[in-house]
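For reference, the structure discussed in these notes is given below.
Number of protein chains: 4
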Amino acid sequence: MAQHRTGKERLTLFSDGVFAVIITILVLEMKPPDEATFGALLELWPTGLSYGVSYLFIAIVWINHHHLFNFTESATQRVVWYNFAHLFSVSLIPFTTEWLAESRLAAAPSSIYAVIFVFVNITYLALCWESVDRTSQTNISQRVRRLFRMRSFITIGLFTAAAVLALWWPVAGIALICLCLVLYVRPDVLQATSADG
Amino acid sequence: MAQHRTGKERLTLFSDGVFAVIITILVLEMKPPDEATFGALLELWPTGLSYGVSYLFIAIVWINHHHLFNFTESATQRVVWYNFAHLFSVSLIPFTTEWLAESRLAAAPSSIYAVIFVFVNITYLALCWESVDRTSQTNISQRVRRLFRMRSFITIGLFTAAAVLALWWPVAGIALICLCLVLYVRPDVLQATSADG
Amino acid sequence: MAQHRTGKERLTLFSDGVFAVIITILVLEMKPPDEATFGALLELWPTGLSYGVSYLFIAIVWINHHHLFNFTESATQRVVWYNFAHLFSVSLIPFTTEWLAESRLAAAPSSIYAVIFVFVNITYLALCWESVDRTSQTNISQRVRRLFRMRSFITIGLFTAAAVLALWWPVAGIALICLCLVLYVRPDVLQATSADG
Amino acid sequence: MAQHRTGKERLTLFSDGVFAVIITILVLEMKPPDEATFGALLELWPTGLSYGVSYLFIAIVWINHHHLFNFTESATQRVVWYNFAHLFSVSLIPFTTEWLAESRLAAAPSSIYAVIFVFVNITYLALCWESVDRTSQTNISQRVRRLFRMRSFITIGLFTAAAVLALWWPVAGIALICLCLVLYVRPDVLQATSADG
Chain C
0 MAQHRTGKER LTLFSDGVFA VIITILVLEM KPPDEATFGA LLELWPTGLS
50 YGVSYLFIAI VWINHHHLFN FTESATQRVV WYNFAHLFSV SLIPFTTEWL
100 AESRLAAAPS SIYAVIFVFV NITYLALCWE SVDRTSQTNI SQRVRRLFRM
150 RSFITIGLFT AAAVLALWWP VAGIALICLC LVLYVRPDVL QATSADG
Chain U
0 MAQHRTGKER LTLFSDGVFA VIITILVLEM KPPDEATFGA LLELWPTGLS
50 YGVSYLFIAI VWINHHHLFN FTESATQRVV WYNFAHLFSV SLIPFTTEWL
100 AESRLAAAPS SIYAVIFVFV NITYLALCWE SVDRTSQTNI SQRVRRLFRM
150 RSFITIGLFT AAAVLALWWP VAGIALICLC LVLYVRPDVL QATSADG
Chain S
0 MAQHRTGKER LTLFSDGVFA VIITILVLEM KPPDEATFGA LLELWPTGLS
50 YGVSYLFIAI VWINHHHLFN FTESATQRVV WYNFAHLFSV SLIPFTTEWL
100 AESRLAAAPS SIYAVIFVFV NITYLALCWE SVDRTSQTNI SQRVRRLFRM
150 RSFITIGLFT AAAVLALWWP VAGIALICLC LVLYVRPDVL QATSADG
Chain B
0 MAQHRTGKER LTLFSDGVFA VIITILVLEM KPPDEATFGA LLELWPTGLS
50 YGVSYLFIAI VWINHHHLFN FTESATQRVV WYNFAHLFSV SLIPFTTEWL
100 AESRLAAAPS SIYAVIFVFV NITYLALCWE SVDRTSQTNI SQRVRRLFRM
150 RSFITIGLFT AAAVLALWWP VAGIALICLC LVLYVRPDVL QATSADG
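Okay, structure coming up:
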């Protein structure tokens, strides 16, 4: 029992370390403009926008990861591997963000950017199924689980739609991603079952 | 109750991870001179100055964050988001520091540098209001809160003044920032209410 | 007793911090293609492959490190130094990965890549001997230890073979490494003695 | 009391985060050779040597920091600031290491490299005085303190000598630094008073 807790705690701390490095390096990769003028800074708006969206997304992913691990009982072998898969897809965000910013929101990078968001959500869903659904927790009602699952599928659907849309209208794809993030901003459903904030 | 503590602790650890990466990478971004002479090293004084000031500022921000979280009772949804906003503004410091250093203290980068300091303070103030003021803590007297708030507004005012001043006299703006940091170096007011160091 | 635990805990947390930075920066070092097309992204397949393999390897190393420290009773001076040697060899992975990717799987980088894998395993074996074998733990049977040791030697042998093979057929060497990783994916033997996942 | 522990713990964790990032990024800054041959790798020996020495030094600094914080009772304002000064000097190591490696052990970089080692030791000594000497700990005898202080002064003297020596014979300065590190490798004196490893 005590060992189970340690295992889960170390996994949580390790994941937090990875999140902390990813979210920080993301913003650090923004290179200052060559000229020392406000105009040169404003020229960088696609960089600013894509980094802002990525920061917001990683923040949401961290919050959801945090919530999920409050419910997780133990770090089984599978939970560890799904977590690594989840962290791997999150760690691809800075790469695609940089590509998106450098191309100033071109079609291929916008689409790949949305695809990574889909991967992050799929690995998160796998992590949820493994760590919550397979355990017989009585404090999560069937209704809450259904709502939660529905929201996950809708999010994956919307991000997939954004990936397809971006092939023709990259800006529309990015706009759809921003819209999804607003929907995803609060982990309400899971939260409703817990006093924990 | 136990869950509340976990939530707050994980938020603290995550924030510390982000602070650790930001403060370290800040110094790591200093590129060594091309020539292997002392003269070439001395030539880098604007880089040294701006990195020193940024390091000091992030240290102060960390200390204040640390103090604040000693008083914070639980990590509510709002505390989490204001904390992400605070970390986001802190994470912009290396970007502006690099721009400031590369331009050798030009007007626009100096002004933007001060603006980021204002953002860091505003998000910190929001975090304070959310995590301390809204809770009915009897161990923080009204007088202490008033003093603390006054100091926050003075700091924000001084950094804003530095941002405007830097448009015409960048060096004066940077000097005013340095002066502010000396004022901000000790979180005395909050500390006076607690034996905790 | 309490101090022993603190020491071990701090060593674990420090190691996790190092692992978190290594695994993250590894993926962050992937530079986006210059052109904004899917073709340009596909051109990067050697980069993608080598980063994927390295990520998987570091994940396996972390899991094994995690398991080992569950059995470690105290962080002696030697455990601390073997752990630093282990982390040092792990920290060379991004360097060799980048060389491997840039050379598009050439002979010398492929061989050095396998050599680093050998170093990681040798330092891990030293860490095992020091932290588990020298303590008289009754909950690890002789049979389990023998199995575990045998598996370690086979792994080191296979990685050494991959290092030699890569000198003539780099792709075969990399393929052999991938095969080893599949064998190493589950720390079953040690796990069999513990309910801990 | 409980709050004191939290403060010290958070300071320890934050410091560990900074150490983890510094020691990792140090090795990550090694850039792979342009050619995919063993000869090109061997050409990088000054890089390899300087990174190896820096890694060893940071490992020693971490171990000493760890030992010191086992004795530290509470994180006072001064301990926090001396710790930031210590971390700042440690964070300059990658910068000087890179300069040293790029110049292939030239005079000025070798001397500055030794100067940073002196700074790291001075800030460590200040941290020791503040956190151990000023508290009335009966479990550290006068004799142990005297031995410890003597060793610190000898180390600072040797690193200063290395800084001067390096101005004329850089390789001799670096050799003297390596010699010092061997002396410093075990925190025996402090350890003798504690069963903690």
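Each protein sequence line maps, in turn, to chains C, U, S and B. Residue numbers are given in numbering that gives the first Met the number 0: position 48 of the first sequence equals residue 47, and the series is strictly consecutive. Residue numbers are given in numbering that gives the first Met the number 0: position 126 of the second sequence equals residue 125, and the series is strictly consecutive. Residue numbers are given in numbering that gives the first Met the number 0: position 29 of the third sequence equals residue 28, and the series is strictly consecutive. Residue numbers are given in numbering that gives the first Met the number 0: position 39 of the fourth sequence equals residue 38, and the series is strictly consecutive. Glycine included, every Cβ here is placed at the ideal spot set by N, Cα and C.
Mind checking if residue i is an interface residue toward chain C, Cβ cutoff 8 Å exclusive?
| i | result |
| --- | --- |
| TRP98/U | yes |
| ILE57/U | no |
| TRP61/S | yes |
| GLY156/S | no |
For the candidate residues the options, whose alpha-carbon lies nearest to that of residue i?
| i | options | result |
| --- | --- | --- |
| THR36/C | PRO108/U, ALA39/U and ASP15/U | PRO108/U |
| LEU157/B | LEU180/B, ARG103/B, LEU12/B and TRP168/B | LEU180/B |
| TRP61/U | ASP15/U, ARG144/U and ARG145/U | ASP15/U |
| ILE92/S | ARG144/S, GLU34/S and ALA58/S | ALA58/S |
| ARG150/B | TRP168/B, ALA165/B, ALA171/B and ILE121/B | ILE121/B |
| SER110/C | LYS30/C, THR159/C and TRP80/C | THR159/C |
| LEU86/B | LEU55/U, LEU86/U, TRP80/U and PHE116/U | LEU55/U |
| TYR273/C | LEU40/S, PHE13/S and SER53/S | Since the first residue of chain C shown is 0 and the last is 196, residue 273/C is not available in this structure. |
| GLY6/C | VAL52/S, ALA84/S, ILE153/S and ASN69/S | ASN69/S |
| GLU129/S | GLY47/S, GLY51/S, THR71/S and THR46/S | THR71/S |
| TRP98/B | SER53/B, HIS64/B and ASN63/B | SER53/B |
Within 8 Å (strictly less), CB to CB, does residue i reach chain E?
| i | result |
| --- | --- |
| GLU8/B | Although the question refers to chain E, the structure presented lacks it and instead comprises the protein chains C, U, S and B. |
In whole angstroms, give me the CA-to-CA distance for residue i and residue j.
| i | j | result |
| --- | --- | --- |
| VAL114/C | SER90/U | 26 Å |
| LEU10/C | ASN82/S | 19 Å |
| ARG241/U | LEU124/B | Since the first residue shown for chain U is 0 and the last is 196, residue 241/U is missing from the structure and cannot be characterised. |
| CYS177/B | TRP168/B | 15 Å |
| THR95/C | ALA171/U | 40 Å |
| LEU80/C | ALA165/C | According to the sequence displayed, residue 80/C carries Trp and not Leu. The straight-line gap from Cα to Cα measures roughly 31 Å. |
| TRP44/U | GLU28/C | 24 Å |
| GLU8/U | ALA84/U | 18 Å |
| ARG148/U | THR46/B | 51 Å |
| GLY51/C | ILE173/U | 27 Å |
| HIS64/C | GLN141/C | 21 Å |
| GLU34/C | GLU34/S | 24 Å |
| GLY38/C | GLY38/S | 34 Å |
Suppose contacts are defined by Cβ-Cβ distances below 8 Å. Is residue i in contact with residue j by that definition?
| i | j | result |
| --- | --- | --- |
| ALA106/U | SER49/U | no |
| LEU67/B | VAL131/B | yes |
| ALA19/B | VAL20/S | yes |
| VAL78/S | LEU126/S | yes |
| THR23/U | VAL17/B | yes |
| PRO31/B | GLU42/B | no |
| SER88/S | VAL119/S | yes |
| LEU12/B | LEU146/U | no |
| VAL117/C | ILE153/C | no |
| LEU175/S | ALA161/S | yes |
Would a check of beta-carbon distances place residue i closer than 8 Å to chain U?
| i | result |
| --- | --- |
| ILE36/C | For the sequence presented, residue 36/C should be read as Thr rather than Ile. So, interface residue. |
| TYR54/C | yes |
| GLY47/B | no |
Spell out whether any CB of chain B is found under 8 Å from the CB atom of residue i.
| i | result |
| --- | --- |
| GLU129/S | no |
| ILE92/U | no |
| VAL26/U | yes |
| LEU146/U | no |
| GLY51/S | no |
Could you tell me whether the Cβ of residue i comes closer than 8 Å to any Cβ of chain S?
| i | result |
| --- | --- |
| PHE13/C | yes |
| PHE83/C | yes |
| PHE87/C | yes |
| MET149/B | no |
| GLU72/C | no |
| VAL20/B | yes |
| LEU182/B | no |
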